[in-house]
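Visitor: Protein sequence lines correspond, in order, to chains A and B. Quick note: the first sequence uses the numbering used here, first residue 1, plus one each step. Quick note: the second sequence uses the numbering used here, first residue 1001, plus one each step.
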Amino acid sequence: MRLLLQLFKSFMIIGIGAYGGGLVTIPLIQHEIVGARGWLLFDEMASLLAIAQMTPGPIAVNAATFVGFRIAGLAGAAVATFGVVLPALSILFIGAPLLDRMKANRHAAIFREGLQVGVLSLLFYATWAYGSVAVGSLVQFFMAAGAFLTLVLTEGKVHPILVVLACGVLGLFLF
Amino acid sequence: MREETFSRNGSEDKITFLQIFWTYFKIGLFTLGGGFAMAAILRHELVLKRGWISDYEFMSEMSTATLIPGAVAVNMAYLQGRRLRGKRGALTASFGVILPSFLIILFIALFALPYFQNPRVKAFLKGCSLAIAGQIAYAAYIFGRRHLNNIQNMAICAAGLVLLFVFRVHPVLAVVSAGALGYFLCRRRDKRAEISTGEGGV
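Shown next, in the form of structure tokens:
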């Protein structure tokens, strides 16, 4: 029961912080699940995230279900998934009529711009925090760099999942 | 109440909760790759095919969905469901879009998790995880290109990095602190701009 409560809390924090795209949830999951709680090893988390990325649906929801299941079974999956969507749904439930007005509000717009720059810091941090653990050899570095360059040079027109699959197949031969 | 208007006006062919659930369930089931990939399919289904929502409303809800934290797809489902059938419609649509992800992942977890120790599977997933490292770096690159175009934003970004790397602040707190700092810095810049152009507040 305590485990479920902690799981719920962790994923609620992840749900609050997931601002600006699914990849932003990765450093949050790494911080909460691998760092603060030690529920999973980094490699386990990375595998679950890879699957979460390749299956339909938002990465935050997929990751919550998967990590929750891995840590505490079916109840864990349900609790983590509920936790990750609860912050957004609560905000919408209470504040949906206000949000349209907030869009026009200049103060809210300035604050948002700051938040987005904060997310940018988090992404730089995540590149290091995730990358430095994921990359263990020169070959692996070149694979990660290759994925990055592919996305940069094609301006993201190659579907990210194709890049993930390609690296997976390459991994089959190399590792 | 604006949220009731659609069902009242369209009483001759009221959209049922089951229709809402099924539409979002299908979208949740077949969309790979996050909120913005889903947006294109949502628009096709809701605006073009079914005509439930106008293009203008769709774009407006899309921008509201990105305003708040959480998965864009879920937020959009909530807002559109709310437009179609009020709060209960909103919860129906959100539940519909989440359920397929939940079931698919459960299915994979039940049947595939034991194979994760298999060396071949491990090698494949290791490769995938390296691609994700590249993706995170790419997201940083895109965000950086968009936001690092003035000195204030660079300062905020640097402050965020110091909080994360040096002070080891919780990531969520670091993002919110950056937002607050940004507000403080840019509000002053805004005031100066107002004085120089002689325009008052809105």
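All C-beta atoms in this analysis are idealised placements derived from N, C-alpha and C, irrespective of residue type, glycine included.
1. Output, in chain order, the set of chain A residues within a Cβ distance shorter than 7 Å of B:Thr1064.
2. I need the straight-line Cα distance from B:Ile1195 to A:Arg101, nearest angstrom please.
3. Can you give me the C-alpha to C-alpha distance between A:Ala52 and B:Trp1052, rounded to a whole angstrom?
4. Return no unless some Cβ of chain A is closer than 9 Å to the Cβ of B:Gln1080.
5. On a Cα-Cα basis, can you pick out the residue from A:Ser47, A:Asn62 and A:Lys9 that is closest to A:Ala36?
6. Please list, in chain order, all residues of the same chain as A:Ala46 whose beta carbon is under 7 Å from its beta carbon, the five residues on each side excluded.
7. Output needed in chain order: residues of the region 1164–1178 of chain B with a Cβ under 8 Å from some Cβ in chain A.
8. Residues of chain B with a CB under 8 Å from the CB of A:Phe175: which are they?
9. Assuming B:Lys1126 contacts A:Gly21 (C-beta within less than 8 Å), just tell me the rounded distance between them.
10. Among the candidates A:Thr150, A:Pro58 and A:Leu49, whose CA atom is the shortest distance from the CA of A:Arg70?
11. Does the beta carbon of B:Glu1012 come closer than 9 Å to any beta carbon on chain A?
12. Answer with buried or exposed for B:Phe1120, where buried requires no fewer than 16 other C-beta atoms within 10 angstroms of its C-beta.
13. State whether the region 102–113 of chain A contacts the region 1160–1169 of chain B, with contact taken as three or more CB pairs (one from each stretch) at a distance under 8 Å.
14. Is the distance from the Cβ of A:Ala18 to the Cβ of A:Leu7 below 9 Å?
15. Here's a check: name, in chain order, each residue in its chain whose Cβ is nearer than 7 Å to the Cβ of B:Pro1100, leaving out the five neighbours to either side.
16. Measure the C-alpha to C-alpha separation of B:Ser1177 and B:Gly1134 and round it to an integer number of angstroms.
17. Relative to chain A, which residues along the region 1125–1151 of chain B have a C-beta separation below 9 Å, given in chain order?
18. Count the C-beta pairs between the region 1132–1146 of chain B and the region 144–163 of chain A that are closer than 8 Å, then say yes if the count reaches three, no if not.
19. Under a three-way DSSP split, which group does A:Thr65 fall into?
20. So what does DSSP say about B:Lys1014, is it helix, strand or coil?
21. Using the three-state DSSP reduction, which class does A:Gly156 fall into: helix, strand or coil?
Guide: Checking against the coordinates, here is how it stands:
1. Taking the first residue of the second sequence as position 1, residue 1064 of chain B is located at position 64. Within chain A, Leu99, Asp100 and Lys103 have C-beta atoms less than 7 Å from the C-beta of B:Thr1064, given in sequence order.
2. Counted from its first residue, the second sequence places residue 1195 of chain B at position 195. Counted from its first residue, the first sequence places residue 101 of chain A at position 101. Because B:Ile1195 carries a pLDDT of 48, less than 50, the predicted location of this residue cannot be relied on, and no value is offered for it.
3. In the first sequence, counting from the first residue as 1, residue 52 of chain A sits at position 52. In the second sequence, counting from the first residue as 1, residue 1052 of chain B sits at position 52. In a straight line, the C-alpha of A:Ala52 is about 31 Å away from that of B:Trp1052.
4. By one-based count along the second sequence, residue 1080 of chain B stands at place 80. Taking Cβ atoms only, chain A never reaches closer than 9 Å to B:Gln1080, which makes this a no.
5. Locating residue 36 of chain A in the first sequence gives position 36, where the first residue counts as 1. Taking only the C-alpha atoms, the option nearest A:Ala36 is A:Lys9.
6. Residue 46 of chain A sits at position 46 when you count from the first residue of the first sequence. So the qualifying residues of the chain are Ala134.
7. Leu1164, Phe1165, His1170, Pro1171, Val1172, Ala1174, Val1175, Val1176, Ser1177 and Ala1178
8. By one-based count along the first sequence, residue 175 of chain A stands at place 175. In chain order: Lys1122, Ala1123, Lys1126 and Gly1127.
9. Along the second sequence, read from residue 1 onward, the residue named residue 1126 of chain B stands at position 126. Along the first sequence, read from residue 1 onward, the residue named residue 21 of chain A stands at position 21. Wrong, their Cβ atoms sit about 24 Å apart, outside the cutoff.
10. Taking the first residue of the first sequence as 1, we reach residue 70 of chain A at position 70. That would be A:Leu49, whose Cα lies nearest to the Cα of A:Arg70.
11. Residue 1012 of chain B sits at position 12 when you count from the first residue of the second sequence. Residue placement at B:Glu1012 is poorly supported in this model, since its pLDDT is 46, which falls under 50; the coordinates still yield a value, given next. So, not an interface residue.
12. As a working note, residue 1120 of chain B is residue 120 in the second sequence. The question names Phe, yet the displayed sequence has Arg at residue 1120 of chain B. It counts as exposed.
13. no
14. Taking the first residue of the first sequence as 1, we reach residue 18 of chain A at position 18. Taking the first residue of the first sequence as 1, we reach residue 7 of chain A at position 7. Cβ atoms of A:Ala18 and A:Leu7: not closer than 9 Å.
15. Here residue 1100 of chain B refers to the residue found at position 100 when the second sequence is read from its first residue. Closer than 7 Å at Cβ, skipping near neighbours: Phe1025, Gly1028 and Leu1029.
16. Mapped onto the second sequence, residue 1177 of chain B falls at position 177. Mapped onto the second sequence, residue 1134 of chain B falls at position 134. C-alpha separation (whole angstroms): 27 Å.
17. Leu1125, Lys1126, Gly1127, Cys1128, Ser1129, Leu1130, Ala1131, Ile1132, Ala1133, Gly1134, Gln1135, Ile1136, Ala1137, Tyr1138, Ala1139, Ala1140, Tyr1141, Ile1142, Phe1143, Gly1144, Arg1146, His1147 and Leu1148
18. The answer is yes - the region 144–163 of chain A touches the region 1132–1146 of chain B, with three or more Cβ pairs under 8 Å.
19. Here residue 65 of chain A corresponds to residue number 65 of the first sequence, with the count starting at 1. Helix, per DSSP.
20. Position 14 of the second sequence, counted from the start, is the residue given in the question as residue 1014 of chain B. Residue state, collapsed to three classes: coil.
21. If you number the first sequence from 1, residue 156 of chain A lands on position 156. In this structure, A:Gly156 counts as coil in the three-state DSSP scheme.
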